[in-house]
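Asker: Got a structure for you, questions after.
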Amino acid sequence: MLDSSVITKLGVKTVARFYKKRTETLRKHPGEMVYIGNNLKNESKIDKITYTPEKMTGRIHSLVDETTNFPETEEISWINIEGVSDVKSMKILKNRFNLNSLIIADIMNTGTRPKYQSLENNLFFSLKMLRYDQEKERILSEQLSIIVFKNTLVTFQEVPGDVFDPIRENLMMKDSKIRSEKIGYLIHSILDCLVDNYISILQLLAERIEDMEELLLDHPDETVMEKLISSKKDLLYLVKSIRPAREAFKQLINEKPTEIRNYMHYFNDLFSNITHVYETVELYKELTTEQMNTYNSYMNNRLNDIMRFLTVFSVIFLPLTLVAGIYGTNFEFIPELHLRFGYLYFWIIMLTLAGLMIYIFKKKKWM
């Protein structure tokens, strides 16, 4: 069976993943700009894409400084901020976008629970962007914050790399639908990419979990239990990201802000997709639990078989030990010791007793 120390160690790692390590500096008051997370960087970088049906312009990896400005235009802009740990850069962005102190604090706290808020002049989303580490077979996440203004969508991410390349590719195509639509369609595209990524990760996990079925039948050893615990941990991690995101999408649909009102059928479909993902994760959680129960049952049965064998072995040799003990005593007068065929009789008795015991055990199907 799996050693308890292994389970304890894996359990500790699970808790550590659900609560990100924090920097030593803690907030003294709500809204204070303090970075809470693991990805420390000195500078924030900006990618900006501005587009209309006729043209698209982009600015890649410019640094945030005092000259950074985002003038309002009738064109739709997507601004991606990479790195949220530098307080100086975040203060500049807070002033340029005229952001609420609590919102900028949520952006810098990478452990913020996924949510949606409708504010006076913008919409705010805090969500999780996931990726699957194939080498370590585990899910990694980073916080994605989204702020929507009249014609501008701003995304804040912790580290380089994201799941939005399909959107960028579509924006480069002159006849693409996204170029001809308003900002509501861009919001949907961003959220849809996140949900598609959840689905991709779930598919990888599903394959891994279903492969466990064969391992349980063929090689149910300690490593199988370790993999089951790892899979269960990843499923819990998915639930932690997807369930509040689903609640946020539902709140968005119920509120029907102006930006998305003409695209409600897209957002209803998006909600249906994330609900399906959430329900599927719950299904695989149950399957993993059943697999763990199956493994434990197998190991218990195996232990019972071993104990039964040892018990039968002991019971068979108990009368033999008794007979051998009697004739092995040091009494001077034991009549059987002087029989010509006493030794032969001794073995006949021993083998008869052993055979009788084996016959009884086999008849009762204890062997």
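Take the sequence shown: its position 332, counted from the start at 1, is 1649 in our numbering, and no numbers get skipped.
The beta carbon of each residue, even a glycine, is placed where N, CA and C say it ideally should be.
All values derive from a computational prediction rather than experimental measurement.
1. Decide yes or no for the touch test of the segment 1448-1456 against the segment 1425-1436: beta carbon pairs closer than 8 Å, at least 3 of them.
2. Y1676 by DSSP, collapsed to three states: which one?
3. Output the distance between the C-alpha atoms of M1609 and P1561, rounded to the nearest integer angstrom.
4. Mind checking who G1375 pairs with in its DSSP beta bridge?
5. Roughly how many angstroms lie between the CA atoms of E1701 and E1475, to the nearest whole one?
6. So R1496 and Y1368 are in contact, right, with Cβ under 8 Å, and what is the actual spacing, rounded?
7. Pull up the distance between the alpha-carbon of I1546 and that of I1633, whole angstroms please.
8. Helix, strand or coil, according to DSSP, for E1349 in the structure here?
9. Excluding sequence positions up to five away, which residues of its chain have a Cβ less than 8 Å from the Cβ of L1457?
10. Can you grab the Cα-Cα spacing for the pair I1675 / K1682, in whole Å?
11. On the three-pair Cβ rule with 8 Å, is the segment 1521-1536 touching the segment 1413-1433?
12. Would you identify the three-state DSSP class for V1632, choosing helix, strand or coil?
13. Apart from the five residues just before and just after L1639, which ones in its own chain have a Cβ nearer than 8 Å to its Cβ?
14. Would you say L1419 and L1410 are within 9 Å of each other, going by their C-beta atoms?
15. Between K1440 and I1463, is the Cβ-Cβ spacing less than 9 Å?
16. Identify, in the order they occur along the chain, each residue of the same chain with its Cβ nearer than 8 Å to the Cβ of P1574, setting aside the five sequence neighbours on each side.
17. Once DSSP output is grouped into helix, strand and coil, what is the label at I1393?
18. Note down, in chain order, each residue of its chain lying with its Cβ closer than 7 Å to the Cβ of V1541, except the 5 sequence neighbours on either side.
19. CB I1559 to CB V1594, shorter than 9 Å?
20. Report yes if the C-beta distance between N1397 and F1466 is below 9 Å; otherwise report no.
21. Excluding the 5 residues flanking Y1660 on each side, which residues of the same chain have their C-beta closer than 8 Å to its C-beta?
22. Who does D1403 pair with in a DSSP beta bridge?
23. Checking 9 Å against the spacing of the C-beta atoms, do D1492 and Y1583 come in under that value?
24. Let me confirm a value: F1442 is counted as buried when at least 16 other C-beta atoms fall within 10 Å, else exposed. Which label applies?
25. Using a threshold of 9 Å, state whether the C-beta atoms of V1556 and V1598 are closer than that.
26. Thinking C-alpha only, which one of D1382, E1392, L1620, S1361 is nearest M1373?
27. Return the first residue and the last residue of the alpha helix (DSSP H) that M1446 is part of.
28. Return the bridge partner residues of N1426 from the DSSP annotation.
29. Taking the C-alpha atoms as reference points, what is the distance between L1627 and E1564?
30. Could you round the C-beta distance between A1422 and E1349 to whole angstroms and report it? I think they count as a contact, below 8 Å.
31. Which partner residues does L1470 have in the DSSP bridge list?
32. Taking DSSP as the reference, what is the three-state secondary structure of S1361?
33. Just to confirm before moving on: does the CB-CB distance between K1549 and K1602 stay below 9 Å?
Answerer: By the coordinates alone:
1. no
2. Here residue 1676 refers to the residue found at position 359 of the sequence shown. Here Y1676 sits in helix by DSSP.
3. Residue mapping note: residue 1609 aligns to position 292 of the sequence shown, counting from 1. Residue mapping note: residue 1561 aligns to position 244 of the sequence shown, counting from 1. Taking C-alpha positions only, M1609 is separated from P1561 by approximately 27 Å.
4. Translated into positions along the sequence shown, residue 1375 becomes position 58. According to DSSP, G1375 bridges with I1366.
5. Absent from the model: residue 1701. The displayed extent of the chain is 1318 to 1684, so no value can be given.
6. Translated into positions along the sequence shown, residue 1496 becomes position 179. Translated into positions along the sequence shown, residue 1368 becomes position 51. Right, the Cβ-Cβ distance comes to about 6 Å (below 8 Å), so this counts as a contact.
7. Residue numbering aside, residue 1546 sits at position 229 when the sequence shown is read from its first letter. Residue numbering aside, residue 1633 sits at position 316 when the sequence shown is read from its first letter. Cα-Cα distance, rounded: 41 Å.
8. For the purposes of this step, residue 1349 is identified with residue 32 of the sequence shown, where counting begins at 1. In the structure shown, E1349 sits in coil (DSSP, three-state: anything other than H, G, I, E or B).
9. Working through the sequence shown from its first residue, we reach residue 1457 at position 140. Cβ within range, chain order: L1447, R1448, Y1449, D1450.
10. Locating residue 1675 in the sequence shown gives position 358, where the first residue counts as 1. Locating residue 1682 in the sequence shown gives position 365, where the first residue counts as 1. Straight-line Cα distance between these residues: approximately 10 Å.
11. Touching, no.
12. The sequence position of residue 1632 within the sequence shown is 315, counting from 1. In the structure shown, V1632 sits in a helix (DSSP, three-state: H, G or I).
13. As a position in the sequence shown, residue 1639 is number 322, starting the count at 1. So the list is empty, once near-sequence residues are dropped.
14. Residue mapping note: residue 1419 aligns to position 102 of the sequence shown, counting from 1. Residue mapping note: residue 1410 aligns to position 93 of the sequence shown, counting from 1. Contact: no.
15. Sequence index remark: in the sequence shown, residue 1440 carries index 123 (1-based). Sequence index remark: in the sequence shown, residue 1463 carries index 146 (1-based). Lys is not the amino acid found at residue 1440; the sequence shown has Leu there. Yes, the Cβ-Cβ distance between L1440 and I1463 is below 9 Å.
16. Within the sequence shown, residue 1574 is the residue found at index 257, counting from 1. Once the five neighbours on either side are set aside, the close Cβ partners of P1574 are S1435, L1440.
17. Numbered from its first residue, the sequence shown carries residue 1393 at position 76. Shown here, I1393 sits in a strand according to DSSP, grouped into three states.
18. Taking the sequence shown and counting its residues from 1, one reaches residue 1541 at position 224. When the five nearest sequence neighbours on each side are left out, the beta carbons in the same chain lying within less than 7 Å of the beta carbon of V1541 are those of M1529, L1532, L1533, Y1612, in order along the chain.
19. The count along the sequence shown starts at 1 and reaches residue 1559 at position 242. The count along the sequence shown starts at 1 and reaches residue 1594 at position 277. Yes, these two residues count as a Cβ contact at 9 Å.
20. Stepping through the sequence shown from its first residue, residue 1397 is reached at position 80. Stepping through the sequence shown from its first residue, residue 1466 is reached at position 149. Cβ distance not < 9 Å, so N1397 and F1466 don't count as in contact.
21. One-based indexing of the sequence shown puts residue 1660 at position 343. Counting only Cβ-Cβ distances below 8 Å, and skipping sequence neighbours, we find nothing.
22. Within the sequence shown, residue 1403 is the residue found at index 86, counting from 1. DSSP, once it has assigned bridges, lists no residue as partnering D1403.
23. Counting from one through the sequence shown, the residue named residue 1492 turns up at place 175. Counting from one through the sequence shown, the residue named residue 1583 turns up at place 266. Against a cut-off of 9 Å, the Cβ pair of Y1583 and D1492 comes out as no contact.
24. Counted from its first residue, the sequence shown places residue 1442 at position 125. Label assigned to F1442: buried.
25. On the sequence shown, position 239 is the one that residue 1556 refers to. On the sequence shown, position 281 is the one that residue 1598 refers to. Result yes, Cβ atoms of V1556 and V1598 sit closer than 9 Å.
26. In the sequence shown, residue 1373 corresponds to position 56, counting from 1. The candidate whose alpha carbon is nearest that of M1373 is E1392.
27. Numbered from its first residue, the sequence shown carries residue 1446 at position 129. No alpha helix (DSSP H) contains M1446, which is instead part of the beta strand (DSSP E) from 1440-1450.
28. Position 109 of the sequence shown, counted from the start, is the residue given in the question as residue 1426. The partner list for N1426 (beta bridge, DSSP) reads I1353.
29. Your numbering for residue 1627 matches position 310 in the sequence shown. Your numbering for residue 1564 matches position 247 in the sequence shown. Their backbone Cα atoms lie some 56 Å apart in a straight line.
30. Indexing the sequence shown from 1 puts residue 1422 at position 105. Indexing the sequence shown from 1 puts residue 1349 at position 32. Taking a contact as a CB-CB distance under 8 Å, the pair A1422 and E1349 counts as one, their CB atoms being some 7 Å apart.
31. In the sequence shown, counting from the first residue as 1, residue 1470 sits at position 153. According to DSSP, which records beta bridges pairwise, L1470 is partnered with W1395, V1465.
32. Counted from its first residue, the sequence shown places residue 1361 at position 44. Three-state result, S1361: coil.
33. Within the sequence shown, residue 1549 is the residue found at index 232, counting from 1. Within the sequence shown, residue 1602 is the residue found at index 285, counting from 1. Yes, Cβ-Cβ distance for K1549 and K1602 is below 9 Å.
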